[in-house]
Each structure stands twice: as C-alpha cells, then as structure tokens.
Amino acid sequence: MIDAENLTRKFGDLTAVDKLTFHIKEGEVFGFLGPNGAGKTTTMRILACLISKTNGEARIAGYDVSDEADSLKIRKIVGLLPENVGLYDDLTAYKNLDFYGKLYECSETQRKENIEHFLRLLGLWDKREVLVGTFSKGMKQKLAIARALIHDPEILFLDEPTANLDPESSKTVRDFILDLKKEKKTIFLNTHNLDEAHRICDKIGIFNTKLMAIGSPEELEGSVWSNKTIIQLEQMNDKILKALNDLSLNNIRTDNNKLIIDVMNPEKENPIIVEAIVGAGGHVQYVTRLSPTLEDAYLKFVRGNK
Amino acid sequence: MKLWKSWVIATKDFSIFRKKKRILYTLIILPLLISIGLPIIISFMTQIDNPTTEIISLLNAFSYFYIILAFIQSSTLASYSILGEKIEQSLEPLLATPTTDSELLFGKTIASFLPCIGVIYASSIIFMILSDAVTYNTIGYLFFPNLSIAFILLLAVPLSSILSIQLSVIISSRVNDVRTANQLGSLLFIPFIGVYLLLVTNVISLNIINLFVISIVLFLIDAVLFYISKAIFRRDEILTKWK
Ligand SMILES: Nc1ncnc2c1ncn2[C@@H]1O[C@H](COP(=O)(O)OP(=O)(O)O)[C@@H](O)[C@H]1O
Ligand SMILES: [Mg+2]
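Top to bottom, those sequences are chains A and B.
If you count by the numbering used here, then the first sequence holds residues 2 to 307, one letter each, in order.
If you count by the numbering used here, then the second sequence holds residues 72 to 314, one letter each, in order.
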C-alpha cells in the first residue's frame, strides 16, 4: 500500500532522508519512530505528495508520488494530520470541516454525515458552531483528526498525533487511532513516543535519517541482546559479591539488595549464579527475568549507527 | 483547472474577512472617506473662485487616485489572505487536499480581487455623483462619467489590483507579518504615487494617451510578477522555502 525504495531527500547539503526502503501492507499500522530532526516529517510530506523527493521511488496504492497526475489521486485517498494542526481560528468547527470536505470533493450528504459522525465520536458535536480560536489544544487536535478523515481516506498519515497533549487528550486520541485500526485503515504514524508505538503499531521502523531497523514491536525487542537476570536478596554483602566475581560474569550491577546481571544463556547460568550466592551464605528471595523493551531496541538502534 | 475549487477557497476567505473587524474597516473606511472627502474638497475649490481648468485637473487627479486605492486595498486583503494561512500554518493541510497550485493561487487572487473591485466601484460611483453635484454649476456640464474614469475603472484599477495581489504573494513568502508586507509592497508603488503628485500639481495631464501608457506599464509589471509568483507558489517551495 505504501512502498518506498531508496527514498532520499536533501535540503542543500543536508540529507534529511537517506535511502529509505520499506513496504507497508494494506490495513497495517506503521510506527515511524525517531528522535527530533530524524526526518520523519520530511518523509511523511514526500509520501503525502507535499514536497518532492531528491532520489529513489515511492508509491502509494500503486501511484507514483512524483507523478503530477498520480499525486492528485494520492491526495484524494490520503488523509493527513500535520505536525501543526493549521485550523482556521476565525471559522467554526463545522465550517472548518465543511471547507475541507468541499476541497476533497465530497458530496453534500457525505460532508453532512461525516462531519456529524466524527464530531460526535470525538465529543465535539456540541461545539460545532463555536469558533476554533477558542478551542483547547486537545480539541484542536481532535478536530484536525476529523478533518483528515472527512473524505473517508484509505490511508492516514499522522504526524506525532499526541505530542504536546495532556495525558487525557492523548488517551482519547490514542483510543481513536485504535478504533481506526479496527476499521482496517492503513496508518503511517510518526512518533517519538515508544509506549504509544508499542500499543498501536503492527510494525515499527526505527529511523534516524536512515532506517535503522524495521519489524514488529516483539521482533525489535527480541533483536536487542539484553537478557538480564534480577536477583532480590535478603541482605547483600561483600562475600556474595566476591563469589559472583569469581564466576567472571559480564556485567554485575547492584541496587540495594538487588543484583542485576547480564546473562548470555539464562537457563544455564542462572542456576550457577544462585548456587554461588547460596554457597556464600546469601538468602535469595526472588529471581526474575528483565526482558528487553522497545526502549532498549530504540536506544540501541538510534545511538548505534550514527 | 477546477474553478469551483478556487471559488470554495475564495468564499472561505470572505467568511474570515467578515469575522475580522480590522479588515472590514480598512476595506471600507478609506474608500468611503475618499468618495465623500474628495467632492467636499472640490466643493470648497469651486467656492473660492478657481478657474474651471484647475477644478477639472483636480477631478482628473482624484480619478487617477483610484488606481492607487486599488493597490492599497488589494494589498491589505492579499496580505491577510496569504499571510493569514502562513501564520495559522494552514497551508500544509490545504496543500494536502487534491487541489492544484494554480487553483489555490487563483482562489487566493479572487479572494482579494473581488472585494477590492466591489468597494472601489461603489466608492467611485459615490465620488462621481457627488462631484457632479458640486461642480455642475461651475463647469456647466456633468463631468462624470467620462472616458478617462471609465478607462481607469475598467482597465487600470483591475491591473493595479492584480499587481498588488501578486506582489503580496511574493512578499508573503519572505515576511511574517501583515504590516511589513504592506510596507514592502508600497515601495513598488512609489512611482505611481509620483505620477499622482505630478497630476495634482498639473505637471502632466490625465489624457487617454497617458492613461494608456500607465496601463501598459501596469500590465507589463503584472506579467513579470505573474511568472515570479507562480514559481513561488508551488507546494514544494511553500513548505520548504517560505520562511
Ligand atoms: N525546509 C527545510 N529546509 C532545510 N532543512 C530542513 C527543512 N525541513 C527540514 N529540514 C531538516 O531536515 C531534518 C529532518 O527534519 P524533519 O523531517 O522535520 O524531522 P522530524 O520530523 O523527524 O523531527 C532536520 O535536520 C531539519 O532541520
Ligand atoms: Mg516532525
């Protein structure tokens, strides 16, 4: 549905997007994860036919983003939530949506139905005749999402939809995206919120000018070598530490009476470690496994290759 | 090109203009003052025993003033219309719709052009009627309407308005507040204000030949600005180079 092949965009000497290649299937929710300045917005703008690419290729539903005639067709089937909402403060919520409905060539009935549908869904129907200038940030963001959906697009581009929102608004927006996911919309989501990406996305690309890794959240977590064993002791002492040091383990950290140990092969090493502790007179209360998180994967890939 | 889309964009701007009292006032007050104030000045002139020829040259100079007024009014509207989108950051979602750059630019142009022309025509009709009323006894015939003002209103005023709008597009790409945009815009119009001063002081006269030359000059500047503004008003340019 969304395919990029060696997609590159330069601004003068600066390469903002470097040989980006990925494929997103219909109905998939793709999280494009990267730090500020990674080139996420630039990528999204190229895919939504807003700015041109310098090199490479990108296709949306088979249409070429750099073809003049195709780009009009792409813009018709794509909905965009930009980084800045860009609503008209001097128009009412209803008029804002109606204006866009017209530009997206929706019929009058489609406009009426969709405006009411989305405004009700997002809790803004009572405010439809209120000037948008008086809206809170969260309300504006919801209205901008309604605007992106006004023409029933198959594909949605959301640029950091929950950035700068209070926790409650963030949750509303996130839940709404999850609803859209159920409707089988293809969603391209820019974010630097790992938790959000984990909860919403089927597939995640970790990106910092270059694509560092791509896969499902679980695949990415699994790709990080970070099997850590946590052992909670009744009382930590030097004798135990010495016994552990004799095992020549890789990395041992202590936190009060807790031990955090990197292990290569937990099934084999954990019993040996516990034996050593018991042998040194320690009392083991808990042995747990610390699995790698998406955050570990993210930090590894973003820091790794820069 | 789907003209109805340009119209959708223009009517959206009309609704915004209507909400902004400041735009409404600047749009209406100056033309109204002129349409009433200038005949009052002329009426004083007729009472202090001025020769007919001087009154006529003053009437002509005031007619010419509508070319300048068209420029001022359009520049105010166009700055709000284009800079407004830039300041509200609404250009990105707007450009994401299946609307071509030309449809958008044309929509923005008529959004400023039509109200400006409407106000100017209304103002000039009041001006002509009042001027006729106060000068009929002195001159001995109805001075307006005449060929000069027809030429001005039907040709020079639209050309001047278009010039001003295109200039606003170009300036809007580099500037971020309406006042600076208007000030920069007026720089280009200084020569035309110079012509006005020459008319008032009777150095040149407002005949059809001079008006024709002025219109040709306006047209040529329009043509040059058209190419520049069209090159500037491309979505890639707007989103990556407009500062
Ligand atoms: N119009 C532009 N001109 C020059 N550089 C730009 C422009 N837009 C973005 N950049 C640069 O490209 C890089 C990527 O920006 P962006 O796509 O906005 O990143 P992100 O959305 O991931 O924060 C940044 O270094 C930014 O400064
Ligand atoms: Mg961004």
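For each residue, glycine too, the CB sits at the ideal point set by N, CA and C.
Since this is a predicted model, take the numbers as computed values, not measurements.
Contacts of B/Gln160 in chain A (Cβ-Cβ under 7 Å) = For the purposes of this step, residue 160 of chain B is taken as residue 89 along the second sequence, with counting starting at 1. Ordered by position in chain A, the residues that pass the 7 Å Cβ test against B/Gln160 are Asn85, Gly87.
Would DSSP call A/His352 helix, strand or coil?
-> This structure does not reach residue 352 of chain A, given that chain A is present from 2 up to 307, and the question cannot be answered.
Opening and closing residue of the beta strand (DSSP E) in which B/Asp248 lies | Position 177 of the second sequence, counted from the first residue, corresponds to residue 248 of chain B. B/Asp248 -> no beta strand (DSSP E), and no H or E assigned at all.
Give a yes or no on whether the minimum CB-CB distance between B/Thr249 and chain A is below 7 Å.
-> The residue given as residue 249 of chain B occupies position 178 in the second sequence. Note that residue 249 of chain B is Val in the sequence shown, not Thr. B/Val249 does not count as touching chain A.
Burial state of A/Lys307, where buried means 16 or more other Cβ atoms lie within 10 Å | As a position in the first sequence, residue 307 of chain A is number 306, starting the count at 1. Residue placement at A/Lys307 is poorly supported in this model, since its pLDDT is 44, which falls under 50; the coordinates are not used for a value here.
Proximity to A/Leu159 [Cα-Cα], best of A/Pro168, A/Pro83, A/Gln111, A/Thr22 | Stepping through the first sequence from its first residue, residue 159 of chain A is reached at position 158. Proximity to A/Leu159 across A/Pro168, A/Pro83, A/Gln111, A/Thr22 peaks at A/Pro83, based on C-alpha coordinates.
Is there at least one non-hydrogen atom of ligand 1 closer than 6 Å to the beta-carbon of A/Lys54?
-> Taking the first residue of the first sequence as position 1, residue 54 of chain A is located at position 53. No; taking the cut-off as 6 Å, the Cβ of A/Lys54 has no heavy atom of ligand 1 nearer than that.
Outcome for B/Val274 when other beta-carbon atoms lying within 10 angstroms are tallied against a minimum of 16 | If you number the second sequence from 1, residue 274 of chain B lands on position 203. That one is exposed.
If you measure from each residue's Cβ to the nearest non-hydrogen atom of ligand 4, which ones come out under 6 Å, in chain order?
-> No copy of ligand 4 occurs in the structure displayed; its ligands are ligand 1 and ligand 2 alone.
Cα-Cα separation, B/Leu22 to B/Phe290 = Summary: the structure shown does not reach residue 22 of chain B, with chain B confined to residues 72 through 314, and so no result is reported for it.
Look at the Cβ atom of B/Leu270, then the Cβ atom of B/Leu277, and state whether they are nearer than 7 Å.
-> By one-based count along the second sequence, residue 270 of chain B stands at place 199. By one-based count along the second sequence, residue 277 of chain B stands at place 206. Contact: yes.
Go ahead and label B/Phe136 buried or exposed: buried means 16 or more other beta carbons lie within 10 angstroms of its beta carbon, across all protein chains shown.
-> Counted from its first residue, the second sequence places residue 136 of chain B at position 65. Burial call: buried.
Looking at A/Glu84 and ligand 2, is the gap between the Cβ and the nearest heavy atom below 6 Å?
-> On the first sequence, position 83 is the one that residue 84 of chain A refers to. For ligand 2, at least one heavy atom lies less than 6 Å from the Cβ of A/Glu84.
Contact check, B/Val249 vs B/Leu98, beta carbons under 7 Å = Reading the second sequence from its first residue, position 178 is the one you call residue 249 of chain B. Reading the second sequence from its first residue, position 27 is the one you call residue 98 of chain B. The answer is no: Cβ separation not under 7 Å.
Measure from the alpha carbon of A/Leu295 to the alpha carbon of each residue in A/Asn257, A/Gly216, A/Val288, A/Gln233, then state which is nearest.
-> The sequence position of residue 295 of chain A within the first sequence is 294, counting from 1. Comparing Cα positions, the closest option is A/Gly216.
Using a Cβ-Cβ cut-off of 8 Å (strictly less than) and excluding sequence neighbours within five positions of A/Lys26, which residues of its own chain qualify?
-> Locating residue 26 of chain A in the first sequence gives position 25, where the first residue counts as 1. Shown here for A/Lys26: same chain residues with a beta carbon closer than 8 Å to its own, the five before and five after excluded, namely Met2, Thr187 in chain order.
Assign B/Arg305 to one of three DSSP states: helix, strand, or coil.
-> Translated into the one-based positions of the second sequence, residue 305 of chain B becomes position 234. The three-state reading of DSSP puts B/Arg305 in coil, since its state is none of H, G, I, E or B.
How about B/Ile139 and B/Val240: do their beta carbons lie closer than 7 Å?
-> What you label residue 139 of chain B is simply residue 68 of the second sequence in a count that begins at 1. What you label residue 240 of chain B is simply residue 169 of the second sequence in a count that begins at 1. Result no, Cβ atoms of B/Ile139 and B/Val240 do not sit closer than 7 Å.
Kindly list the residues whose CB is nearer than 7 Å to the CB of A/Ala277, restricted to its own chain and excluding five residues on each side of it in sequence; keep chain order.
-> Start at 1 with the first residue of the first sequence, and residue 277 of chain A comes out as number 276. Annotation for A/Ala277: Ala244, Leu245, Leu248 place their beta carbon closer than 7 Å to its own, counting only its chain and skipping 5 residues before and after.
How would you call A/His152, buried or exposed, if buried means at least 16 neighbouring beta carbons within 10 angstroms?
-> Residue 152 of chain A sits at position 151 when you count from the first residue of the first sequence. Counting C-beta atoms within 10 angstroms of its own C-beta, A/His152 has 16 or more neighbours from the protein chains shown and is therefore classed as buried.
Can you name the residues of chain B whose CB is closer than 7 Å to the CB of A/Asp90?
-> Locating residue 90 of chain A in the first sequence gives position 89, counting from the first residue. Glu159, listed in chain order.
A/Tyr64 in three-state terms, based on DSSP = Taking the first residue of the first sequence as position 1, residue 64 of chain A is located at position 63. If DSSP states are grouped into helix, strand and coil, A/Tyr64 belongs with the strands.
Nearest-angstrom Cα separation, counted from B/Ile287 out to B/Leu213 | Sequence index remark: in the second sequence, residue 213 of chain B carries index 142 (1-based). Sequence index remark: in the second sequence, residue 287 of chain B carries index 216 (1-based). Distance between the alpha carbons of B/Leu213 and B/Ile287 is about 29 Å.
Answer with buried or exposed for B/Leu218, where buried requires no fewer than 16 other C-beta atoms within 10 angstroms of its C-beta.
-> Within the second sequence, residue 218 of chain B is the residue found at index 147, counting from 1. Classification for B/Leu218: exposed.
Express the C-alpha separation of B/Asp172 and B/Leu310 in angstroms, rounding to a whole number.
-> What you label residue 310 of chain B is simply residue 239 of the second sequence in a count that begins at 1. What you label residue 172 of chain B is simply residue 101 of the second sequence in a count that begins at 1. Each residue's alpha carbon lies about 12 Å from the other.
Is it true that the segment 140-155 of chain A meets the segment 107-125 of chain A, where meeting means three or more beta-carbon pairs spaced less than 8 Å apart?
-> The segment 140-155 of chain A vs the segment 107-125 of chain A: in contact.
Taking the CB atoms as reference points, tell me whether A/Lys77 and B/Pro169 lie closer together than 7 Å.
-> To locate residue 77 of chain A, count along the first sequence from 1; it is residue 76. To locate residue 169 of chain B, count along the second sequence from 1; it is residue 98. For A/Lys77 and B/Pro169, yes; Cβs fall inside 7 Å.
Counting Cβ pairs closer than 8 Å, one from the segment 30-43 of chain A and one from the segment 197-207 of chain A, do we hit at least three?
-> In short, these stretches touch, since the Cβ pair count reaches three.
Put A/Ile25 into one of helix, strand or coil per three-state DSSP.
-> Taking the first residue of the first sequence as 1, we reach residue 25 of chain A at position 24. Of the three classes helix, strand and coil, the one that applies to A/Ile25 here is strand, per DSSP.
List, in order along the chain, the chain A residues whose C-beta lies closer than 7 Å to that of B/Ile197?
-> Working through the second sequence from its first residue, we reach residue 197 of chain B at position 126. Here the premise fails: no neighbours, minimum Cβ distance about 30 Å.
If you follow the alpha helix (DSSP H) that A/Val174 is part of, which residue opens it and which one closes it?
-> The residue labelled residue 174 of chain A in the question sits at position 173 within the first sequence. Per DSSP, A/Val174 is one residue of the alpha helix (DSSP H) stretching across 168-183.
Could you give the residue range of the beta strand (DSSP E) that holds A/Ile205?
-> Within the first sequence, numbered from 1, the residue matching residue 205 of chain A stands at position 204. From DSSP, the beta strand (DSSP E) with A/Ile205 extends over 204-209.
Whole runs of the alpha helix (DSSP H) within the segment 82-127 of chain A, excluding any shorter than 4 residues = For the alpha helix (DSSP H) assignment, the uninterrupted runs of no fewer than 4 residues enclosed by the segment 82-127 of chain A are, from N- to C-terminal side, 94-104, 109-122.
For B/Leu310, which residues in chain A fall below 9 Å Cβ to Cβ?
-> Translated into the one-based positions of the second sequence, residue 310 of chain B becomes position 239. In chain order, Arg46, Leu51, Ile52 make up the part of chain A whose C-beta sits under 9 Å from the C-beta of B/Leu310.
Going by alpha carbons, who is nearest to A/Val131 out of A/Tyr89, A/Cys107, A/Glu155, A/Leu166?
-> Indexing the first sequence from 1 puts residue 131 of chain A at position 130. Proximity to A/Val131 across A/Tyr89, A/Cys107, A/Glu155, A/Leu166 peaks at A/Tyr89, based on C-alpha coordinates.
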